[in-house]
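Sequence positions in the sequence shown follow mature numbering (1 follows the signal peptide of the UniProt record, and there is no 0) and run -22 to -1, 1 to 185.
The next block holds one structure in the form of structure tokens; read it before the comments.
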Amino acid sequence: MPTKPILALIALLASAPLPAWAQAEPTGPTTDPTQVKPGRYRLDPAHGKITWSLSHLGYSTYYGQITDVSGEATLDPSDPSKSRLSITIGTASVNSLNDKLNEHLKAPDFFDVQKFPQATYVGTSVEPTSPTTARVNGELTIKGITRVVSFDATFNQAGINPVDKAYSVGFDGRAVIRRSDFGVSAFLPILGDEVQLRLEGEFKAAP
């Protein structure tokens, strides 16, 4: 019986790559951004927020968050420059952990949330700066005023979230803006003009 040819055929079949239809999709978690599934994603509102901080006369630092954040992203790990981002921010969700200050932040001399209930950010280009970081350039609109704003993004990981079983991709980001550029100049210089922003985003693959 010709066992050697049969054994050789078995060895060849075992070493051959699976056809595309039989290959399992990557589930992760992975910290390699090139392994991220390409396509459309939606920001998980429960895990998307903006933490802001600014100086109070140089003596202390105010910290707060904006938690009403929604958005979509299109990710292309093979060519990050083709990735896109669109974010909508509910200004009424600004929170300084101080009720009196919160009321003031929503007033006309700050965010004027009655007239401008939303701010937006539209990413226009992505420039990789390392294997896991990128510079995202785009346009930020606050109180009807649009300025070019860039932020530094760091890829955290991607994979099947063990809680909701959804394919998820997570990023952190950091940016610095001047609030006076957007017509938010009340109490300068008592409150600093430079605002530090820390961005958190967990995106779910869109169906």
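Don't be surprised by glycine CBs; every beta carbon is placed ideally from N, CA and C.
In this text the structure is predicted, and so the values were computed from the model without any measurement.
- Burial is judged here by how many other beta carbons sit within 10 angstroms of a residue's own beta carbon; P185 has fewer than 16 and is exposed.
- Counting along the chain, the unbroken alpha helix (DSSP H) around N80 starts and ends at D77 to L83.
- Its chain contains K15, G17, Y19, A144 and Y145 as the residues whose beta carbon lies nearer than 7 Å to that of A183, once the 5 sequence neighbours on both sides are disregarded; these appear in chain order.
- Per DSSP, the unbroken beta strand (DSSP E) holding Q174 starts and ends at E172 to A183.
- For L83, the number of other beta carbons within 10 angstroms of its own is at least 16, and it is reported as buried.
- According to DSSP, G17 shares a beta bridge with L53.
- In this structure, G151 places its C-beta atom within 8 Å of the C-beta atom of F129.
- Here L35 is near I168, since their CB atoms are less than 8 Å apart.
- Our two residues, V91 and R113, have alpha carbons roughly 29 Å apart in a direct line.
- Secondary structure at D87: coil, using DSSP grouped into helix, strand and coil.
- Rounded to whole angstroms, the separation of the alpha carbons of E180 and A85 is 30 Å.
- Your pair S59 and V104 checks out as a contact, with CB atoms roughly 6 Å apart and the cut at 8 Å.
- Of T39, S64 and R125, the smallest CA-CA separation from S48 is found for S64.
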